[in-house]
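For reference, the structure discussed in these notes is given below.
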Amino acid sequence: MPETMKSFDFDRPELLPWLAGHWRRLWDSYREGRLGHALLLSGPAGIGKRHIADRFSAALLCRAPGADGTACGTCTDCTLVRAGNHPDLVHVRPEPDAKSPEIRADAIRTLCGQQSLTASRGERKILQIVPAEAMNLFAANSLLKTLEEPVASSLLVLISEDPSRLPATVTSRCQRITLQPPDAGIGSDWLSARIDPRRFDVPLLLRLAHEAPLRALALADDEALARREQAFEQFAAVGLGSQDPIAGAEAWQTLEPRLVLEWLTAWVSDLLRLVQTPSATYLSSPDKRGPLTDLAKLVDPAPVHRYLRHVLNYRALVDAPLNKGLLYEGLLVDWARLFRGTE
Ligand SMILES: [Zn+2]
-1 MPETMKSFDF
9 DRPELLPWLA
19 GHWRRLWDSY
29 REGRLGHALL
39 LSGPAGIGKR
49 HIADRFSAAL
59 LCRAPGADGT
69 ACGTCTDCTL
79 VRAGNHPDLV
89 HVRPEPDAKS
99 PEIRADAIRT
109 LCGQQSLTAS
119 RGERKILQIV
129 PAEAMNLFAA
139 NSLLKTLEEP
149 VASSLLVLIS
159 EDPSRLPATV
169 TSRCQRITLQ
179 PPDAGIGSDW
189 LSARIDPRRF
199 DVPLLLRLAH
209 EAPLRALALA
219 DDEALARREQ
229 AFEQFAAVGL
239 GSQDPIAGAE
249 AWQTLEPRLV
259 LEWLTAWVSD
269 LLRLVQTPSA
279 TYLSSPDKRG
289 PLTDLAKLVD
299 PAPVHRYLRH
309 VLNYRALVDA
319 PLNKGLLYEG
329 LLVDWARLFR
339 GTE
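Everything in the sequence shown is counted per this note's numbering, starting at -1 for the first residue and increasing by one.
Rendered as structure tokens:
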């Protein structure tokens, strides 16, 4: 997700403004000796979970952090963290080439054993598990053993977009920090300072990013926006009957299923809003109000609800290996049927 692009940066160590309160409480809990052995940082994509995790990891490993917890950036430990090879900062992630994107029990067992969690340079060893919900059940059970008998000098940092997928036995043993999107003013001020507001529609980007500023920043990309435009054109044309669904599916072949399913969720949800209330004020894709209003006049809500449920079911399965061709064909053929009354 876009968040990986914007974790803590030593050259720009300023705190993301909407995280200031969380940061202060976290740093105070460390300074006052109240830090537990495990943190669970949760919140939507692009909100700054990794930013706060990396900033905190750097601060704990730094030999001379500032009073506000900003790592100095120049000591030996900061140099090692910056180079990505500090021995006391370990990231556990799904293996990139594995068939299923899981964090497996053997990875957790290897990295969370008593010996592996002993700091080799300073006082603390930090293990970040990203994304924590990628742990399979066996991995979560292995982690539970570490949580039940923590190593004094260790800190486990679990990062999750969807903590409901973690066992309660794990989450209940973590100090929880739940990040929320900032108020619109804070997000748009921050974003406007980083992109050209004459070139990009700041409120639209924030809306498309569910108000998560880092994600909105990642969306400020001409090519990515053009792909969304083209995908929507095909989606609308299939609905209106001017595009064959199979040809539409072929045109979508270069798109990532995760992205397509997210767009479809937004467009179909908006369609339902407009079927029910043509003047609906909130739309998740407000730039598509015109064409979605035209489509809304052609459908009945019940089958659209069923269609949306299909899309959401696929979204829940998106981490499993999917046949893109079949997925897109199925989605667009079913979409076309909503307008032909043959469902
Ligand atoms: Zn330092």
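For glycine and all other residues, C-beta sits at the position ideal for the given N, C-alpha and C. In this text the structure is predicted, and so the values were computed from the model without any measurement.
Give the straight-line distance between the Cα atoms of residue i and residue j, rounded to the nearest whole angstrom.
{"i": "Tyr280", "j": "Arg226", "result": "20 Å"}
{"i": "Leu78", "j": "Gln173", "result": "27 Å"}
{"i": "Phe54", "j": "Gly246", "result": "46 Å"}
{"i": "Gly31", "j": "Ser162", "result": "29 Å"}
{"i": "Arg313", "j": "Glu327", "result": "16 Å"}
{"i": "Leu14", "j": "Trp188", "result": "9 Å"}
{"i": "Lys123", "j": "Gly44", "result": "26 Å"}
{"i": "Pro63", "j": "Asp95", "result": "37 Å"}
{"i": "Pro165", "j": "Thr291", "result": "42 Å"}
{"i": "Phe6", "j": "Leu293", "result": "44 Å"}
{"i": "Ser152", "j": "Leu142", "result": "14 Å"}
{"i": "Thr275", "j": "Leu217", "result": "29 Å"}
{"i": "Ala334", "j": "Ile244", "result": "10 Å"}
{"i": "Leu223", "j": "Gly120", "result": "46 Å"}
{"i": "Ser190", "j": "Glu221", "result": "20 Å"}
{"i": "Glu254", "j": "Arg29", "result": "44 Å"}
{"i": "Ala81", "j": "Thr263", "result": "40 Å"}
{"i": "Pro42", "j": "His208", "result": "8 Å"}
Of the choices the options, whose alpha-carbon is the least far from that of residue i?
{"i": "Val266", "options": "Pro276, Ser283 and Glu254", "result": "Ser283"}
{"i": "Pro299", "options": "Leu330, Leu336, Gly44 and Leu325", "result": "Leu336"}
{"i": "Lys295", "options": "Ser277, Phe136, Pro319 and Phe198", "result": "Ser277"}
{"i": "Arg192", "options": "His49, Ser152, Leu215 and Ala207", "result": "Leu215"}
{"i": "Asp66", "options": "Leu24, Leu87, Leu202 and Gln241", "result": "Leu24"}
{"i": "Ala210", "options": "Trp16, Leu306 and Arg29", "result": "Trp16"}
{"i": "Ile50", "options": "Thr263, Glu121, Thr176 and Ser186", "result": "Thr176"}
{"i": "Leu238", "options": "Lys97, Leu324, Gln126 and Arg338", "result": "Arg338"}
{"i": "Pro289", "options": "Arg304, Asp242 and Val236", "result": "Val236"}
{"i": "Glu231", "options": "Gly323, Lys97 and Lys286", "result": "Lys286"}
{"i": "Ala249", "options": "Asp52, Ala130, Lys322 and Glu93", "result": "Lys322"}
{"i": "Asp194", "options": "Asp181, Val149, Thr116 and Asp219", "result": "Asp219"}
Please list the terminal residues of the continuous beta strand (DSSP E) segment that includes residue i.
{"i": "Lys97", "result": "Per DSSP, Lys97 belongs to no beta strand (DSSP E) and is neither H nor E."}
{"i": "Ile124", "result": "Lys123 to Ile127"}
{"i": "Ala36", "result": "Ala36 to Ser40"}
{"i": "Ile175", "result": "Gln173 to Thr176"}
{"i": "His89", "result": "Leu87 to Val90"}
Hey, quick one: how far does the alpha helix (DSSP H) through residue i stretch, first residue to last?
{"i": "Lys295", "result": "Taken as a continuous stretch (DSSP letters only), Lys295 belongs to no alpha helix (DSSP H), as it is neither H nor E."}
{"i": "Arg304", "result": "Pro299 to Ala314"}
{"i": "Val266", "result": "Pro255 to Gln274"}
{"i": "Gln232", "result": "Asp220 to Leu238"}
{"i": "Val200", "result": "Val200 to Leu206"}
Within this structure, are the beta carbons of residue i and residue j separated by less than 8 Å?
{"i": "Val90", "j": "Ala105", "result": "yes"}
{"i": "Ala103", "j": "Asn134", "result": "yes"}
{"i": "Ser40", "j": "Ser158", "result": "yes"}
{"i": "Val88", "j": "Leu33", "result": "no"}
{"i": "Leu204", "j": "Gly183", "result": "no"}
{"i": "Arg171", "j": "Ser140", "result": "no"}
{"i": "Asp52", "j": "Arg61", "result": "no"}
{"i": "His303", "j": "Leu270", "result": "yes"}
{"i": "Ala229", "j": "Val258", "result": "yes"}
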